[in-house]
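Before any comments, here is the structure.
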Amino acid sequence: MLRDCIGGRTMGKQAMTRSTVQALSVLLLALASGALSLREGRAPDPLPIDAPAGVFSADRAMAVLERVLVDGRPHPVGSDANAAVRDRIVAEFARIGIEAEVRNRFICGASACATVHNVLGHLPGQARGDAILLTAHYDSVAAGPGAGDDGSGVAAVLEAARALKAGAPLARDVWFLLDDGEEAGLLGAYAFVREPEFAGIGWVVNVEARGDLGASSLIETQPGNAGVVAAIGRALPRPSGSSLDYEIYKTLPNDTDFTVYRMQGRGGANFALSRGAARYHTTLDDLAHLSAGSVQHHGDNAVALVREFAATPPQELRAKGDSVFMHPFAAFQLAWPAAWNPWLLAIGLLGWVALAWRLRRRGTLRVRALVAASLVLVLGWALLLLPAWLLSWGLGALGATPAPWTAQGGALTACFALAGAGLMALLARPLQRRWGDAVLGLAALVPFALLAIAAVAWMPGASFAGLSPLLALVVVGHLLPMRTLWWSGAVAIVAAVLWMPYVAGAHDAIGRDGLGGATLLAGLVVMPLLPAIAMLGRATKPAVGLALLGALAFAVLACVKPAFDAATPRTLNLLLAGEDGKPSQLLASPLASAPAGFLSANGFASGVEAVLPFSGRRYHAGESGPVLPAPTVVVLGNEVRGATRQVRLHLQPAHAGDDLTVHFPESVDKGSVRVDGEPLSESRWPWWQVVTSIATPADGVIVAFDAPADKPLEVHLVGETRGLPASLEGIERARGAVASPYQSGDRTVGWRKLTLAP
23 MLRDCIGGRT MGKQAMTRST VQALSVLLLA LASGALSLRE GRAPDPLPID APAGVFSADR
83 AMAVLERVLV DGRPHPVGSD ANAAVRDRIV AEFARIGIEA EVRNRFICGA SACATVHNVL
143 GHLPGQARGD AILLTAHYDS VAAGPGAGDD GSGVAAVLEA ARALKAGAPL ARDVWFLLDD
203 GEEAGLLGAY AFVREPEFAG IGWVVNVEAR GDLGASSLIE TQPGNAGVVA AIGRALPRPS
263 GSSLDYEIYK TLPNDTDFTV YRMQGRGGAN FALSRGAARY HTTLDDLAHL SAGSVQHHGD
323 NAVALVREFA ATPPQELRAK GDSVFMHPFA AFQLAWPAAW NPWLLAIGLL GWVALAWRLR
383 RRGTLRVRAL VAASLVLVLG WALLLLPAWL LSWGLGALGA TPAPWTAQGG ALTACFALAG
443 AGLMALLARP LQRRWGDAVL GLAALVPFAL LAIAAVAWMP GASFAGLSPL LALVVVGHLL
503 PMRTLWWSGA VAIVAAVLWM PYVAGAHDAI GRDGLGGATL LAGLVVMPLL PAIAMLGRAT
563 KPAVGLALLG ALAFAVLACV KPAFDAATPR TLNLLLAGED GKPSQLLASP LASAPAGFLS
623 ANGFASGVEA VLPFSGRRYH AGESGPVLPA PTVVVLGNEV RGATRQVRLH LQPAHAGDDL
683 TVHFPESVDK GSVRVDGEPL SESRWPWWQV VTSIATPADG VIVAFDAPAD KPLEVHLVGE
743 TRGLPASLEG IERARGAVAS PYQSGDRTVG WRKLTLAP
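For the sequence shown, the numbering used here begins at 23 and goes up steadily by one.
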């Protein structure tokens, strides 16, 4: 009897050890799969300058960019530096044997107008029609030199043009467009659609950047993209991006030139860099921080896709329907027609129900238990928002997140992800003890099913993220219905591959506002691992404790290490602003929290307030300054016709080259606005009730618009000169020691109010 007891206890320990090892194996496989999936966000190694002539070399491209941006100056549209960059681009085209032409046009975007100077080159193909446009923009914002945005694209286009010219002749024409004025509102793209060559363009490849490192990811195609997605799958050697990225992009106010072409009915692919966003539109968007590997990825994508578009029959590229697609491990494309989504969803849901029915018949599952466990997991997942909010609040109060992007983005991401994973893992043992492995494994699929249902109904491109785990369950679960660990592990591996790139990239993509998403997504990835976590037995608590301790450690790290460093700038603009005839005031406009020492030492208020009547932006108010000249205005027309007042204003800048902005009341309709006779272009976003003339000539512009005749009309006329007066050089130096200008940079702003009685 004693021998039997000892033998039974030994066999029980062996079984427990075996199940623990199996559970640990599943956990490690899921972790390894998730880690490998992060390859999709990494750029390849750059090819050397002596790479074969027909391939893209980042070393050659970077040498080109060094010549184009030789002085490292910001070069916004209308500036002298912009003209110098343009001349150097024309010279680079000539260097590779392509004669480039500069096209000049005054154009209005959705809320800004300027004279743009587009550089256009041509590589003839063997047939006409359905030409390919390879494009990027060469202008920068006023605050930074624009090496990433979009010098990376300029380098990619120029080196791609050389490689395409050196390779085999192409079946179709290729046009190379380096356009101007993108940062001012896609002006170069709006101008190009007016050019005669645009009528012959069939397909567009655009290369952009919202950062300076990482993968060149596909962020946008067009409605009816099945043929284009298939071409991308055939062509790209290291594909990155998914239809979920495209769905997310459509919700963001981050249009690019590709948006203009898509609105004109053209298809193609829009690639972008998105890591290194802390330096985006700052003085550190320079050559020193631009990743050569990212330029290599841009160029590989551009060359491969232009060749594929040129070789593919147009009717194939125009295949009807949309595709759902993803690129696991940046190794291959997995895609299906979006029209299949409802059928795949039905298969997934019916497969889940069928497995539940089979397990119920075998006595390992009760329906009530499954419903209860599903509710607990869905509610527990949703409640992860609470600790995410508490973490955000606490870290913000401790000064760890003073800006959207900080130097501790990696630590913050790890903190929020481990918190979500650890808190979700706390449910593993209690739920397993109460309802068993099978119930726990099936209940963990319910959030994925809900996501799949919502995506199929409202966001089809995102459907793979919920459907794929469901379909993994259908396949593995029905092959091994009694092996909960294996089918739940298969689901977990699929979930880790799909979702870990979004967990790791949440901060890069959105900044501190994305950290809560990392918590939710990490909890989602852990959910199908709950049976494996529960099977760790006594090791479960230490494992969960280690995850939560890790979250705490990374939180402490984010608090004690500096939020800003040499590669992650604090951002702060200075404005000297004043109404016509009144003393001006120095204002500090921080994107991050402003350094208190700088504010107090230079006479700024510690709090922020809205001090400009035409802007809701809040500033730290500083000391008074001199009276500034404001734009002059002459009312050329103020006629009432029926219920409409037709107004024509002649605006002249205080200094030639100033930006002039008219702030309209809400009663003014966008469709009536004309600037030197040009209407505003269509946009997918609401009008901001402003129009800006950029780099306005000394003789000014004429702005015309309609307003209701029975109401007084009040408009604010604002003139902005880039930079500050020389008298403020000292405070600029003091700011430079602690912060960087961003976006439009420092400005001198003079304004006046114009009122027209009814």
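Quick reminder that beta carbons are idealized off the backbone N, C-alpha and C, glycines included. All of these numbers come straight from a predicted model, not from anything done at the bench.
Can you name, in chain order, every residue of its own chain whose Cβ lies under 8 Å from the Cβ of A618, other than the five neighbours on each side?
S628
DSSP three-state label for E204, please.
coil
Pick from A731, S715, V697 and L739: whose alpha carbon is nearest that of I724?
Comparing Cα-Cα distances from I724 to each of A731, S715, V697 and L739, the minimum goes to V697.
Is the beta carbon of T278 sitting closer than 8 Å to the one on A165?
no
Residue range of the alpha helix (DSSP H) that G545 falls in?
L537 to V548
Beta strand (DSSP E) runs wholly inside the segment 192 to 244, at least 3 long, in chain order
Within the segment 192 to 244, the complete beta strand (DSSP E) runs of at least 3 residues are 194 to 201, 223 to 231 and 239 to 242.
Mind checking if G298 is an interface residue toward chain B, Cβ cutoff 8 Å exclusive?
Judged by its chain identifiers, the structure shown contains no chain B, having just a single protein chain.
Among the candidates A237, I270, A561 and L266, whose CA atom is the shortest distance from the CA of L258?
A237
Expressed to the nearest angstrom, what Euclidean distance is found between the alpha-carbon atoms of G644 and Y764?
The straight-line gap from Cα to Cα measures roughly 19 Å.
In whole angstroms, what is the alpha-carbon distance linking R25 and A577?
Unreliable positioning characterises R25 in this predicted model, as indicated by a pLDDT of 43, which lies under 50. A coordinate reading is not provided.
Confirm, please, whether the CB-CB distance from I753 to L596 is below 8 Å.
With contacts defined as CB atoms closer than 8 Å, L596 and I753 qualify as a contacting pair.
What residues match up with L597 in a beta bridge as DSSP calls it?
L609 and R769
Alpha-carbon to alpha-carbon, V548 and F438:
Using only the alpha carbons, I get a separation of about 14 Å.
Any beta strand (DSSP E) of 3 or more consecutive residues that is wholly inside the segment 122 to 180:
Segments of the beta strand (DSSP E) lying fully in the segment 122 to 180: 123 to 130, 134 to 145 and 149 to 159.
Report the option in P653, V112 and F78 whose CA atom is closest to the CA atom of G772.
P653
Reference R284; option with closest CA among R301, G315, E242 and D530
E242
In angstroms with no decimal places, state the Cα-to-Cα distance between A37 and P245.
Any answer about A37 is weak, because its pLDDT of 48 lies below 50 and its placement is not dependable; what the coordinates show is given next. Going by the C-alpha atoms only, they are around 55 Å apart.
Taking C-beta to C-beta, are G224 and D172 nearer than 8 Å?
No. Outside cutoff.
Pair within 8 Å by beta-carbon distance, V461 and P491
No, these two residues do not count as a Cβ contact at 8 Å.
So, for N363: in the same chain, excluding its five sequence neighbours on each side, which residues have a beta-carbon less than 6 Å away from its beta-carbon?
Hits under 6 Å: V478, P482 and S485.
For S313, does the count of other Cβ atoms within 10 angstroms reach 16, so buried, or fall short, so exposed?
buried
Just mark E742 as buried or exposed, buried being the case when its beta carbon has 16 or more other beta carbons within 10 Å.
Label assigned to E742: buried.
Tell me which residue opens and which closes the alpha helix (DSSP H) that S396 is part of.
V389 to A404
Could you pull the start and end residues of the alpha helix (DSSP H) that T666 belongs to?
Looking at the DSSP string, T666 is not in any alpha helix (DSSP H); the run it does join, the beta strand (DSSP E), is T666 to Q674.
If I follow the unbroken beta strand (DSSP E) through E645, where does it start and stop?
H642 to V649
What's the call for C27, buried or exposed, on a 16-neighbour Cβ count within 10 Å?
With a pLDDT of only 42 at C27, under the threshold of 50, the placement of this residue in the model should not be trusted, and no figure is reported.
Residue closest to V112, alpha-carbon to alpha-carbon, out of H139, G444, N624 and Y641
H139
Return helix, strand or coil for P503, following the three-state DSSP convention.
coil
Taking H319 and A65 to be in contact with their CB atoms under 8 Å, please state how far apart those CB atoms are, rounded to whole angstroms.
5 Å
The alpha helix (DSSP H) with L413 in it runs from where to where?
L407 to A419
Meets three-Cβ-pair contact criterion under 8 Å: the segment 580 to 596 and the segment 496 to 506
no
In this structure, how does DSSP classify P335 when only helix, strand and coil are distinguished?
coil
Output the distance between the C-alpha atoms of A476 and A105, rounded to the nearest integer angstrom.
50 Å
Are the beta-carbon atoms of G56 and A565 separated by less than 8 Å?
no
May I have the straight-line CA-CA distance separating A410 from F214, to the nearest angstrom?
46 Å
From the DSSP output, which residues share a beta bridge with V662?
R667
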